[in-house]
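For reference, the structure is listed below as structure tokens.
There are 2 protein chains.
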Amino acid sequence: MLAGIDLGGTQVRVALARSDGNVIASIKTKTPSLGTPQAMVDWAAAEIDRHRGREKVRSITIAAPGPIDIKRGVLVNPPNLPGWRNVPLAAMLAQATGAKVHLANDADMAGLGEFHHGAGRGTRNMVYITWSTGIGGGLIIDGKLHRGGHGTAGEVGHMIIDPNGPLDACGQRGCLEAFIGGANIARETGHTAAELFAAAAQGNRQARMMVERAARYMGFALISLTNVIDPEMFVIGGGVSRSWSMIEPTIVETLHSSPFIKPARRPRVRRARLGDRAGQIGAVEWARINQ
Amino acid sequence: MLAGIDLGGTQVRVALARSDGNVIASIKTKTPSLGTPQAMVDWAAAEIDRHRGREKVRSITIAAPGPIDIKRGVLVNPPNLPGWRNVPLAAMLAQATGAKVHLANDADMAGLGEFHHGAGRGTRNMVYITWSTGIGGGLIIDGKLHRGGHGTAGEVGHMIIDPNGPLDACGQRGCLEAFIGGANIARETGHTAAELFAAAAQGNRQARMMVERAARYMGFALISLTNVIDPEMFVIGGGVSRSWSMIEPTIVETLHSSPFIKPARRPRVRRARLGDRAGQIGAVEWARINQ
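Just so you know, the sequences run in chain order S and L.
Residues in the first sequence are numbered consecutively from 1333, following our numbering.
Residues in the second sequence are numbered consecutively from 1333, following our numbering.
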């Protein structure tokens, strides 16, 4: 059997699956209620043990927020898991379960999930973008997850969109996230991104303009990514994608406004399909690939 | 045997190689002196025939400037080969030689050449950038050339660096090439890029500032590419790379100025090694891979 764990700042999700990747059980709880890394590991190991029946769980992947050390399986210092510094999570869970455990980037796993079981099915080259408080992503290149030379590929939120732009929490000036990451939108407008989108939905003119500007910047990023990677599809997930009907037209219009990207090579732009389950589904898939 | 042809606006180069990729003969001539596509094909076929001895040439790749239709082997309308519109070059050369012929993007082939036999040897993920009149590139992902869903990946010159920037010949506003492509530098300054670099080398202060600005913009592009692709190395070729000692410090300094790209995951930045031969060497390699 396989298991995929999606460790987020608010929730932890565990999915148990057969060796072919078919999910048979899915459990979640609140991360803060577990408290420490060891308590999280013990909870996950107990849940896996409870649902595995008589079968042995051979391979587990933990999807976790970066920065992580994928080679050593260590959480470095994820901003949304305060206090979890240099936690050797893969080794801890391997000890608790006896399984082979991999630690992987959460956006990579969500992208892998969408590629195998969500909006990206049937493509070979796909860029997944998660647009929430921050902006992350995962690349599928020729049917495989591309993690890069140091395991940090897919950080699409940190492309420079304008070197004279605002400063992002990452320390860079004018990266995509600096312009349109949810946290930066909130800082700039004094309202959360959710409030902004709600106001725009209700017809507030200024809110609409800001939403349109945000979508336009996402469109610029897609132009750059299309020219560099030439994917068949972009899949956009994360909290902001819940307002799909408000952002999709401007994103697509901006992408199509590039005269350099001829119609025949325009990638499709799709909303993610798996919602909050993308990470755990991708983690199961990664556990299957690496079993 | 194999052959690689590099078809440029000024020169055509043919390399003949053994099946293992070892080049045994290399010939070049001026493109305009050949005149028509058929004359070029006849010349190349005759040169290949003359140097092949008793061996049969099985596989040939033609590296050509875009836009090209790699699937059908057709040159679409390359700006630096005026009059060569919709030329079915692969089919023409296949008929003249009896070999299997592939048409490929010239920057992709130069990148492949540098990866297998030049500055990029030993890496797995490498971004090649050719910086001349225009800016192009080629991506090596996990040891293989990445051409993308429509064969147009690697167009690093057309990433948006500032959506309010100048207009490029490609029709996009504020792409990397719009800022620092040789043709745009010449248009902006009234001097060719070569003149600008010569003046900077002689200590002209304004020229130095412009060169530094150009190198800084290249550095911004490398930040974006590092965050998206996470390569181990950038290899920079093309005319501008001849002024390596003038551009390298600022490019590297800009890349290293990103606090988000920690020292451990900084890609190396290297000057291309194969010079004008990169395209033909890459084309031989592609002929070998696809024989």
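Here a beta-carbon is modelled for each residue, glycine too, at the ideal position from N, C-alpha and C.
Query	Result
Beta carbon proximity, L:R1597 to chain S, threshold 8 Å	yes
C-beta atoms of L:E1520 and L:I1467 nearer than 8 Å	no
Cβ distance (whole Å) where S:T1484 is taken to contact L:D1562 below 8 Å	5 Å
Alpha carbon of L:Q1538 to alpha carbon of L:T1455, nearest angstrom	38 Å
L:G1569: first and last residue of the uninterrupted beta strand (DSSP E) it sits in	M1565 to G1569
Meets three-Cβ-pair contact criterion under 8 Å: the segment 1430-1440 of chain L and the segment 1404-1413 of chain L	yes
Counted within 10 angstroms of its Cβ, other Cβ atoms place S:P1599 as buried (16 or more) or exposed	buried
Cβ separation of S:C1507 and S:I1493, assumed to be a contact under 8 Å, to the nearest whole Å	7 Å
Simplified DSSP assignment, three categories, for L:M1458	strand
Alpha-carbon spacing of S:G1341 relative to L:I1613, whole angstroms	50 Å
Cβ distance (whole Å) where L:I1380 is taken to contact L:A1422 below 8 Å	Rounded, the Cβ-Cβ distance is 15 Å, inconsistent with contact.
Check whether S:G1514 and S:V1572 have beta carbons under 8 Å apart	yes
Identity of the residues DSSP links to L:W1463 by a beta bridge	L:I1467
Bounding residues of the alpha helix (DSSP H) (the contiguous stretch that carries S:L1366)	T1363 to L1366
CB contact flag (L:M1333, L:S1351, <8 Å)	yes
Unbroken stretches of the beta strand (DSSP E), 3 residues or longer, contained in the segment 1505-1553 of chain S	none
Endpoints, the beta strand (DSSP E) within which S:G1336 is located	L1334 to L1339
Within-8 Å CB hit, S:F1552 to chain L	yes
Interface flag, S:L1407 vs chain L, CB-CB below 8 Å	no
Distance between S:P1498 and L:P1410 (C-alpha atoms, nearest Å)	39 Å
For L:A1428 and S:L1348, the rounded distance between their alpha carbons	60 Å
Of the residues S:I1400, S:V1344, S:G1551 and S:I1337, the one placed nearest L:K1594, counting alpha carbons only	S:I1400
Collapsed DSSP secondary structure at L:T1429 in the structure displayed	helix
Residue range of the alpha helix (DSSP H) that includes L:A1376	P1369 to H1383
Start-to-end residues for the beta strand (DSSP E) that takes in L:A1345	The identity of residue 1345 of chain L in the sequence shown is Arg, whereas the question assumes Ala. Residues Q1343 to A1349.
Whole-angstrom C-beta distance between L:T1582 and L:R1548, which should lie under 8 Å	6 Å
Members of the segment 1538-1552 of chain S near chain L, C-beta cut-off 9 Å	R1548, Y1549 and F1552
Span of the alpha helix (DSSP H) around L:S1590	It is not in any alpha helix (DSSP H) - L:S1590 carries neither H nor E in the DSSP assignment.
Boundaries of the beta strand (DSSP E) in which S:I1394 is found, first to last residue	S1391 to A1396
Nearest-angstrom Cα separation, counted from S:W1463 out to S:A1596	27 Å
L:A1604 versus L:M1458: straight-line alpha-carbon distance, rounded	12 Å
From L:L1587, L:M1424 and L:P1397, residue whose alpha carbon lies closest to that of L:D1440	L:P1397
Chain S within 8 Å of L:H1448, Cβ atoms only	no
Nearest neighbour of S:I1568, chosen from S:L1425, S:R1602 and S:F1447 [CA to CA]	S:R1602
Beta-bridge pairing of L:A1357 - partner residues as DSSP gives them	L:L1348
DSSP-derived helix/strand/coil call for S:D1562	coil
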